[in-house]
Structure formats: C-alpha cells, structure tokens
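Numbering-wise (my numbering), the sequence shown opens with residue 682 and increments by one. Note that the Cβ used here is the ideal one computed from N, Cα and C, for glycine as well. These numbers come from a predicted model, not from an experiment. Have a look at the structure below before the remarks.
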Amino acid sequence: MTTKNISRIKSVPRIHECMKITVHLLRFQTIFEACVSKLVDFLGHQFPSIRSNSAEFMFNFLQGTDLGIDTDGVEEILLNTEWTSADNTVITEAVSRIVKSFLSSE
C-alpha cells in the first residue's frame, strides 16, 4: 500500500515517508524481494530530490542494519551514483545494478 501509485503522488514528504517504510521492511525476509522491487519507484523517481534522499536514507539504513546479506555492492552503487543527474540512463542503470546486487546476495 505504501508504494501504490508512487509516480502519481506529488507530495514530497508523503513520498519520503513511503520510501522509509519500504526500506525498513527490507528487514523481513518474507517480503524482502517485493520491497527490493519497489525500491525502483523511489531510486528511479522523476523528482531528483526523491532519488537523492532515497539513496542517502538507504545507505544510512544499510550501514546501521544487518540484513544477513552482503550489502557492500549496494552501498558502493548508492555512494558512487549522482542521483540528481538529469541523465535517466545513468539512474536506470544504477537502480538496475542495485536490484541485481540485492537479489544476488540473498
């Protein structure tokens, strides 16, 4: 429910709260894959501020949380990507690499 129609929501604070809920739900193995697939909605969002804040929040979350998997690859991508870039191919590639890294480390 927190990720339904994210691309249509125009309230930045509401989108941020939805993203935070989704990231925190990564802790639960039973819904881990579903949450990872929804990260695309935030990291690939049309608003650069959403992308940037999502990457920062996720990085901080991963630094302080043990998900039981190796997240070094994801953290590196989060740090090395310019999330405010207007180049959608850079963003799309980074998001794809994050999803792939998360799912391959399971």
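Counting only the same chain and skipping the five closest in sequence on each side, list residues whose C-beta sits under 7 Å from that of residue i.
i, result
"M700", "F723, S735 and F738"
"C716", "T703, L706 and L707"
In three-state DSSP terms, what is residue i?
i, result
"F709", "coil"
"L726", "Leu is not the amino acid found at residue 726; the sequence shown has His there. H726 falls in the coil class under three-state DSSP."
"D751", "coil"
"K679", "This structure does not reach residue 679, given that the chain is present from 682 up to 787, and the question cannot be answered."
"T703", "helix"
Keeping to the same chain, check which residues put their C-beta closer than 6 Å to that of residue i; ignore five residues upstream and five downstream.
i, result
"L743", "T752 and E756"
"I758", "A775, R778 and I779"
"S782", "G754 and V755"
For residue i, which residues from the same chain have a beta carbon less than 8 Å from its beta carbon, with the 5 sequence-adjacent residues on both sides left out?
i, result
"Q727", "S688"
"I696", "I687, I690, F723, H726, F728 and I731"
"L784", "E714 and V717"
"S733", "W764 and T765"
Assign residue i to one of two classes, buried (16 or more other C-beta atoms within 10 Å of its C-beta) or exposed (fewer than that).
i, result
"T762", "buried"
"K719", "buried"
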